[in-house]
Every structure is written in structure tokens, then in C-alpha cells.
Amino acid sequence: MRELAAPHRHLTIDEYLALESASEIRHEYVGGMLYAMAGATQRHNRIAMNVAAQLWNGARGTDCAVYGSDMLVRIGDNACYYPDAVVVCDPADEEPMYLTQPCLIVEVSSPSTASADRRDKLMGYCAIESLQEYLIVFQDEQRVIRHFRDQKGAWWHEELAPGRMLHLRCPEMLLNVAEIYEGVDFSEA
């Protein structure tokens, strides 16, 4: 769950970026408000690392770069999020603190973040012109929802079964859904 963080007044994007660059705590920014980022569970981190490792291997030898959960994605002047994994293949995306031209974003979703991942972040991410795919990876079950832009610019979604191989366009690779959950014990509550 995201919790509103002080200050309690609306900040401009520039004020947020200045505060964030000096902060020891990460915050997401939505509509002028700051939301402190909670720590993640072992399961969440394992899944996020499994996804990032597959993406990193798939991006080797390409112009694409893969980033983990410490890289900020800026959506215009209205929002900044820290996704669990992000891929950028545009060499012009050079701002050191944040990315603006991602082609793939991955969020590892928990019961407390599922609503934001499937509504707020989905709407924000889909507004990024360069974005081709947004994956929501669930941590309490083997379930992946892929949102993708077709060649005409319309957004679609599909739910992926555990045994599927997913063909990603950015980077051009196959993502093994089963490997996302490698080493994850679902018998734990």
C-alpha cells in the first residue's frame, strides 16, 4: 500500500525531483503528491530479479538497457514511478535520474499494490508513446497480465499461463513465464 508522504502540499515535478535526489527514502510522485515506497518481500524481490535477469540476457548485444527497481520512470509532469524492471532502447533517453522513453515496464504486484498497478499505473504507463508492453507479474500466484500496444496504437491485454513463452518486442526475445517464478515457494502464506 502506498502512503502519502510529507510535505502535504502539492509539489511541482522539479521540486519533487530535487527532493528525491537528496532523499534516503524513495517516493513515487502522482499529481503533485509524494507517496513513500514500502519495502518489498523476499518473494517480490526474487520474482523481480528473475524477470530482470531474463530481460538482461535478452537485451545483451542490443542497444537496449535494462534497469531494476531503483530507476525512476517519468510520465510528463504528472507522475514518476519506480517500476520493478524497465527496458529502454532509445539512446536519446539520457537523463541520469529518470527515464522517459521506456519500451517495456514490469511491475511485480502484491495484494496491496494490485489496484494501483492495474489502474493508475496502467493509465500512466500507456500514455508513454514509446511504451510497447507493460507486464503485471503477480507474486501470490503464477499469473502474468501483458498489456501491449498493437501496430495501430491501440492497447490490448492477455493473461499468460505459467507454461507460456512470451514473445517480447522490446527487447526482441522470448520470456519464459515459468522462469519468472523459479525458486518461489507458493506453499508459504
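Its first residue numbered 3, the sequence shown is counted upward by one per residue in our numbering. All residues carry an ideal CB built from backbone N, CA and C; glycine is no exception. Computed from a predicted model, the values in this text were never measured in an experiment.
Could you say which of ARG148, HIS46 and TYR83 lies nearest to MET167 if we only look at CA atoms?
Taking the sequence shown and counting its residues from 1, the one referred to as residue 167 is at position 165. If we check each option's Cα against that of MET167, ARG148 comes out closest.
Determine the direct distance from the alpha carbon of LEU106 to that of HIS46, and round the result to whole angstroms.
Start at 1 with the first residue of the sequence shown, and residue 46 comes out as number 44. Start at 1 with the first residue of the sequence shown, and residue 106 comes out as number 104. Taking the straight line joining both Cα atoms gives about 19 Å.
Euclidean distance between Cα positions of GLY185 and ARG28:
Locating residue 185 in the sequence shown gives position 183, counting from the first residue. Locating residue 28 in the sequence shown gives position 26, counting from the first residue. Between GLY185 and ARG28, the C-alpha separation is close to 28 Å.
Taking the beta strand (DSSP E) that ARG120 falls in, what are its first and last residues?
Your numbering for residue 120 matches position 118 in the sequence shown. Not the beta strand (DSSP E): ARG120 falls in the alpha helix (DSSP H), residues 116-120.
Distance check for GLY126 and LEU137, CA to CA, integer angstroms please.
Here residue 137 is taken as the residue at index 135 of the sequence shown, counted from 1. Here residue 126 is taken as the residue at index 124 of the sequence shown, counted from 1. Straight-line Cα distance between these residues: approximately 14 Å.
For GLY60, is the classification buried or exposed, using 16 other Cβ atoms within 10 angstroms of its Cβ as the cut-off for buried?
Within the sequence shown, residue 60 is the residue found at index 58, counting from 1. By the neighbour-count rule (16 or more Cβ atoms within 10 Å), GLY60 is buried.
Kindly list the residues whose CB is nearer than 6 Å to the CB of ASP86, restricted to its own chain and excluding five residues on each side of it in sequence; keep chain order.
Within the sequence shown, numbered from 1, the residue matching residue 86 stands at position 84. Correct list, in chain order: ALA50, SER71, VAL108, GLU109 and VAL110.
Give me the residue from CYS66, TYR84 and LYS123 with the minimum Cα distance to ASP95.
Counted from its first residue, the sequence shown places residue 95 at position 93. When only C-alpha atoms are compared, the closest one is CYS66.
Check this for me: beta carbons of LEU133 and ARG151, under 9 Å apart or not?
Residue numbering aside, residue 133 sits at position 131 when the sequence shown is read from its first letter. Residue numbering aside, residue 151 sits at position 149 when the sequence shown is read from its first letter. A contact, by the Cβ cut-off of 9 Å.
Less than 8 Å between C-beta atoms, sequence neighbours within five positions excluded: which residues of the same chain meet that for GLY33?
Your numbering for residue 33 matches position 31 in the sequence shown. Here the set comprises HIS12, ASN80 and ALA81.
Check for me: the alpha helix (DSSP H) holding ARG48 runs from which residue to which?
Position 46 of the sequence shown, counted from the first residue, corresponds to residue 48. First-last of the alpha helix (DSSP H) with ARG48: 44-61.
ARG76 and LEU101 look like a contact to me (Cβ under 8 Å); what is the Cβ gap, rounded to whole Å?
Your numbering for residue 76 matches position 74 in the sequence shown. Your numbering for residue 101 matches position 99 in the sequence shown. Rounded, the Cβ-Cβ distance is 7 Å, consistent with contact.
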